[in-house]
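Contents: one structure, followed by commentary.
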Amino acid sequence: MGRGTIEELRLLAAKLSGKVVQNINSTFVGGGVAEILSHMVPLLGQLDVDARWNVIKGDDEFFRVTKKFHNALHGRPERITAEDFALFMEATRKNIKELELYGDIIFVHDPQPAGLVSRKKELGNKWVWRCHIDVSHPNEDVWNFLQPFVVQYDAAVFSAPAFSHELPIRQFLISPSIDPLSDKNKELPQPTIDSVLAKYGIPKDKPIITQVSRFDYLKDPVGVIQAFEIVRKSVDCRLVFAGGTASDDPESEKVLAEVKERAGSNPNIHVLLIPPGSDIEINALQRASTIIVQKSVREGFGLTVSEALWKAKPVVASAVGGIPLQVKNKFTGLLSYGIEGTAYDLRQLLTNPEYARWLGENGREHVRYNFLITRHLRDYLLLFLALEHPQDIIYL
Ligand code: UDP
58 MGRGTIEELR LLAAKLSGKV VQNINSTFVG GGVAEILSHM VPLLGQLDVD ARWNVIKGDD
118 EFFRVTKKFH NALHGRPERI TAEDFALFME ATRKNIKELE LYGDIIFVHD PQPAGLVSRK
178 KELGNKWVWR CHIDVSHPNE DVWNFLQPFV VQYDAAVFSA PAFSHELPIR QFLISPSIDP
238 LSDKNKELPQ PTIDSVLAKY GIPKDKPIIT QVSRFDYLKD PVGVIQAFEI VRKSVDCRLV
298 FAGGTASDDP ESEKVLAEVK ERAGSNPNIH VLLIPPGSDI EINALQRAST IIVQKSVREG
358 FGLTVSEALW KAKPVVASAV GGIPLQVKNK FTGLLSYGIE GTAYDLRQLL TNPEYARWLG
418 ENGREHVRYN FLITRHLRDY LLLFLALEHP QDIIYL
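Counting from 58, one number per residue, gives the positions in the sequence shown under my numbering.
If you want it as structure tokens, here you go:
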């Protein structure tokens with residue numbers, strides 16, 4: 058990054074001395090939000106910002122409802138009942154009672170803990186709602202239910218311009234990031250990559266197409282298999298679908314079962330259930346791949362895309378949510394449409410390795426300039442300062 062970047066971060070961080078930033082979300086493991094927080098919180102600590110991280114509590118029923126909210130906010134059809142809303146409110150009331158809210162800045166991530174803001178008036182601290190979801194076309198019922206909470210915050214943060222809404226509070230546009238020095242993204246020696254392939258029984262005999270995603274309908278795992286089957290008619294290759302579950306996602310078992318059934322006994326399809334925290338393994342699988350695919354039907358940002366591009370991998374990804382911020386079509390990857398379109402793009406890259414390599418290299422530079430955690434840290438520090446000093450211009 059260079060010394061200047063680090064010095065700038067230190068200068069900004071020093072202005073927050075004595076302030077506590079309390080992050081709150083709904084899970085410590087699984088999914089992009091936990092991934093970002095697990096690197097952001099310690100790095101803020103290294104800059105001497107007192108950043109902490111708590112999670113709300115919820116039973117299976119609560120997470121069943123919040124998963125429906127999640128899908129509905131992404132614009133997927135969901136039937137949400139009055140009981141669902143009541144259940145959300147009941148869990149919110151419980152968390153309000155049980156969770157200690159000690160931060161000078163309370164940084165709430167996503168809809169699950171959004172209702173905690175009801176305590177803002179009484180506590181008098183600063184509150185930010187960080188929305189990681191593509192809420193460009195939300196289900197109106199769920200958005201209207203959440204909005205009375207959202208407007209109580211001092212500010213809202215969205216990942217892409219298209220996700221912003223007309224709100225009477227300040228809005229910030231901050232895209233997510235990856236940590237290039239983490240186990241998930243650091244360089245790996247070839248023997249480590251080979252040993253992970255061996256562990257999962259993946260031969261290196263032909264090109265490998267990989268999608269890394271939680272087992273979630275929004276990631277369209279069955280669509281990935283269908284696109285792969287089309288590609289296989291003309292190019293011999295393997296598919297790796299590496300996925301996990303998240304403790305706040307009750308649907309994943311069902312999706313995994315469907316994926317396994319669709320894959321059947323095809324020896325070229327490897328469906329892997331990867332335990333949480335297997336960052337080196339995910340890194341190795343991404344690095345072992347010829348092409349990374351991300352065929353999401355909705356996506357807040359899609360950290361997996363930046364992870365792949367950082368590894369200079371050619372990427373074929375759907376043109377949804379935050380993905381077009383990362384994949385500039387035909388320059389840092391290919392934006393694909395539908396099953397046929399994804400298959401077409403995969404085949405194009407498999408048969409043009411030079412073009413694929415060029416896209417991957419451009420992708421790595423794009424991530425270097427836009428989606429590394431140092432840029433993200435700077436944005437968050439400026440956000441915190443803007444809350445603490447709403448009238449001031451911030452001088453470094
Ligand atoms: N991930 C993982 N193991 C898995 C599946 C996903 O570690 O089995 C990671 C993935 O590498 C990425 C994050 O989880 O860092 C997923 O973030 P993304 O924004 O792509 O999607 P989300 O799960 O938040 O919808």
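Ideal placement from N, C-alpha and C gives every residue a C-beta, glycine not left out.
{"Item": "L313 to F272 span [Cα, whole Å]", "Value": "6 Å"}
{"Item": "Host alpha helix (DSSP H) of S375 (start-end)", "Value": "Careful: S375 lies outside any alpha helix (DSSP H), inside the beta strand (DSSP E) at V372 to S375."}
{"Item": "Segment limits, beta strand (DSSP E) that includes T361", "Value": "Not the beta strand (DSSP E): T361 falls in the alpha helix (DSSP H), residues L360 to W367."}
{"Item": "Nonlocal neighbours in the same chain, by C-beta distance under 8 Å from L173, ignoring five residues either side", "Value": "I81, I113, T149, N152, I153, L156, L158, I163 and V165"}
{"Item": "CA nearest to the CA of P332, picked from T399, E422, Y257 and I348", "Value": "Y257"}
{"Item": "Selected residue, minimal CA-CA separation from W110, among D116, M97, F120 and R121", "Value": "M97"}
{"Item": "Among V207, L403 and V122, the one whose alpha carbon lies nearest that of K290", "Value": "L403"}
{"Item": "C-alpha distance - Q405 paired with M146, whole-angstrom precision", "Value": "50 Å"}
{"Item": "Contact set for T361: own chain, Cβ-Cβ below 6 Å, skip 5 residues either direction", "Value": "V269 and Q351"}
{"Item": "Cut-off 8 Å between Cβ atoms - residues of its own chain near S74, not counting five sequence neighbours on either side", "Value": "D105"}
{"Item": "Exposure of H131, with buried meaning 16 or more beta-carbon neighbours within 10 Å", "Value": "buried"}
{"Item": "Cβ-based burial, Q322 [other Cβ within 10 Å; buried from 16]", "Value": "This sequence places Ser at residue 322; Gln is not what is there. So S322 counts as exposed."}
{"Item": "In chain order, each alpha helix (DSSP H) run of at least 4 residues that lies wholly inside the stretch 71-111", "Value": "89-103"}
{"Item": "Rounded Cβ spacing between I337 and T249 (contact assumed at less than 8 Å)", "Value": "7 Å"}
{"Item": "Under 9 Å between C-beta atoms of G378 and G87", "Value": "no"}
{"Item": "Cβ separation of V214 and G160, assumed to be a contact under 8 Å, to the nearest whole Å", "Value": "Going by Cβ atoms, the distance from V214 to G160 rounds to 16 Å, so no, they are not a contact pair."}
{"Item": "Element boundaries [beta strand (DSSP E), containing F441]", "Value": "Not the beta strand (DSSP E): F441 falls in the alpha helix (DSSP H), residues I430 to E445."}
{"Item": "Residues that DSSP places opposite H166 in a beta bridge", "Value": "R187"}
{"Item": "Three or more C-beta pairs below 8 Å linking the stretch 440-447 and the stretch 390-401", "Value": "no"}
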